[in-house]
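Accompanying notes for the structure given below.
Residue numbers (my numbering): 829 to 1442.
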């Protein structure tokens, strides 16, 4: 008969072993320490945070004491495995994209279509299932080991709760004060190390050090945030429309993850040839490094920080309002979802559901082909006496980059794309080749639309927009995919405009997605000055020396011809900002550049704040 004392000691030893395993797991988030002091700090960091992450599972296990012993043991394994799996998921996000589990990830999980938008494969699901079983096996082994050790070594000392709490409090206090001092003096190695841990909550004590202790900071390290508060006032005035005598149709084609350098004769011969006949903007930037902000900037001419007020207020795009007021026939197509990101609550909130088609059957390239079939059918079956607008969102260039056999131009591609088993250092070349094959397929689908419009004699009265929502990086700057940084690979995209009556032209000055509405709305009859509905400028008259803005879930990047400065929406601390050269290379004097750039940033923020009434 096993005594209650033995069971209690075995339980305590199991939780101790689980804490050690979790601390080891957290250690993989950190780089090797450069000094004894940093090694000591890292030890404090991973040990205290491992205990903190494990605490909720331990408390739940205590509440389950009335359960039968077998159920208790099973619950111990399940709870600790869940913590390890969450940490594994966070580590994978950090490795791939450079961010932790956060509000953006929660939005993906909870919004219809979010998980599907990630792209995956059966091998990914199988791989993750095996990884999950591995963690279950590991925790089960720790459970068996704890029971065996307490039987074999009955005098084996096990930690007591009071000791654990005391060590936790002392360790946490030491780690917190270390961070506060490092923040005060701008000691980057410690600050950057702390930010590598999930859910890290930084402590700063500037007012205490300066106001109470009278200490002097060696340099100005605090910068303001870019939070914009108030009530949405967009557009600033009702749109005044004078319908053109000959209204123009509008065809708007957006491709997922389409980076600028793929619009070339080898990868996209047909679209490249059409670009040579049109207005081509070869130095064009998205308003975001992800789909949400990329499309938001196209359809609103607003920066990412205003996405949330627009979503909360359910304010549709001015473009859609203008078209509906002029009785345009409208059909919108996507091979993803209109619910993720929440375009059914923002861009297209006033578009009737029957005019929106989200086709999701089969591989993404098959969805794109089916949607183009239906888009061309809509053009043929429309009422020719009324203008029309159609929108298409291509999904096949999104990971895991799908394409049919006839679209292969890079045969040595990674055949089995699995998030669970891929090694970016080993596989990135094959992954990039998958992407190029997918973009080559995209080329054919864009060409189908252009050729159809030409065959139907519609080019003389149709506006055509061809662009990407954002780019895609393949480790050129240390990341893969998008949504992680504001490198050129992630935010530079092609832009091709066909405007009847305009001579072909290639523009090399920098332009932005924010410029689309100020260019197109006047062609559709809007009389208001552009500053009343956006922050962009007409693409017909681009300006040199401009500062462009791109954003993501919680940051804005201010991009000049020399630098990129990234500031957070809500916090202005030292570790939250970034500054690089415009070509994404590191700056030895990043903080000095930030301080020099702040006057220009403040001026731009004033221009944005006019859309929020106080």
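Heads up, the beta-carbon is just placed ideally off N, CA and C, and yes, glycines get one too.
Quick caveat, the model's predicted, so the values are computed rather than measured.
Check                                                                                                                                   : Outcome
Three-state secondary structure assigned by DSSP to residue 860                                                                         : coil
CB contact flag (residue 1100, residue 1107, <8 Å)                                                                                      : no
Sub-8 Å separation of residue 1313 and residue 966 beta-carbons                                                                         : no
Counterpart residues of residue 1333 in DSSP-defined beta bridges                                                                       : 1107
Buried versus exposed, by CB contacts within 10 Å (16 or more), residue 1343                                                            : buried
Continuous beta strand (DSSP E) stretch holding residue 1435: start and end                                                             : No beta strand (DSSP E) contains residue 1435, which is instead part of the alpha helix (DSSP H) from 1418-1437.
Cut-off 6 Å between Cβ atoms - residues of its own chain near residue 839, not counting five sequence neighbours on either side         : none
CB-CB length for residue 1138 against residue 1174, believed under 8 Å                                                                  : 6 Å
Member of 1302, 1134 and 1184 whose CA lies at the smallest distance from the CA of residue 1162                                        : 1184
Contacts around residue 1155, its chain only, beta-carbon distance under 7 Å, and the 5 residues preceding and following it disregarded : 1214
Assumed close pair residue 1259, residue 1245 - CB separation to whole angstroms, cut-off 8 Å                                           : 7 Å
Nearest neighbour of residue 854, chosen from 1216, 902, 1356 and 920 [CA to CA]                                                        : 920
Own chain residues within Cβ distance below 8 Å of residue 856, not counting five before or after                                       : 919
Residue 1410 versus residue 1301: straight-line alpha-carbon distance, rounded                                                          : 16 Å
Helix, strand or coil at residue 1410 [DSSP, three-state]                                                                               : coil
CB-CB length for residue 1111 against residue 1291, believed under 8 Å                                                                  : Contact doesn't hold; Cβ gap of about 22 Å is too wide.
CB of residue 1026 within 8 Å of CB of residue 928, strictly                                                                            : yes
Residue from 1392, 1304, 1063 and 1096 with nearest C-alpha to residue 1236                                                             : 1096
Cutoff 7 Å; reference residue 1380; Cβ partners in own chain excluding five residues on either side                                     : 1116, 1117, 1118, 1121, 1132 and 1311
Length of the line joining the Cα atoms of residue 1295 and residue 1126                                                                : 10 Å
Those residues which DSSP pairs with residue 1180 across a bridge                                                                       : In DSSP, residue 1180 forms no bridge with anything.
Extent of the continuous beta strand (DSSP E) to which residue 928 belongs                                                              : No beta strand (DSSP E) holds residue 928; DSSP gives it neither H nor E.
CA-to-CA distance, residue 1293 to residue 1333, given in whole angstroms                                                               : 15 Å
Whole-angstrom distance between residue 1272 and residue 1208, CA atom to CA atom                                                       : 20 Å
Runs of beta strand (DSSP E) wholly within the stretch 1074-1120 (minimum 3 residues, chain order)                                      : 1077-1083 and 1107-1109
Residue 1145 and residue 1321 closer than 8 Å at C-beta                                                                                 : no
Unbroken beta strand (DSSP E) run spanning residue 819, endpoints                                                                       : The structure shown does not extend to residue 819, since the chain spans only 829 to 1442, so no value can be given for it.
Residues sharing a beta bridge with residue 1326, DSSP                                                                                  : 1292
Segment limits, beta strand (DSSP E) that includes residue 1160                                                                         : 1157-1162
Paired residues, beta bridge with residue 1059 - DSSP                                                                                   : 1441
Segment limits, beta strand (DSSP E) that includes residue 1391                                                                         : 1391-1396
Nearest residue (CA-CA) to residue 1195, options 1286, 1176 and 1230                                                                    : 1230
For residue 971, the nearest candidate out of 1036, 962 and 904 (CA to CA)                                                              : 904
Same chain only: Cβ atoms within 7 Å of residue 844, ignoring 5 sequence neighbours per side                                            : 986 and 987
Bridge-paired residues (DSSP) for residue 1340                                                                                          : 1113
Unbroken beta strand (DSSP E) run spanning residue 1258, endpoints                                                                      : Run containing residue 1258: none in the beta strand (DSSP E); it sits in the alpha helix (DSSP H), 1252-1283.
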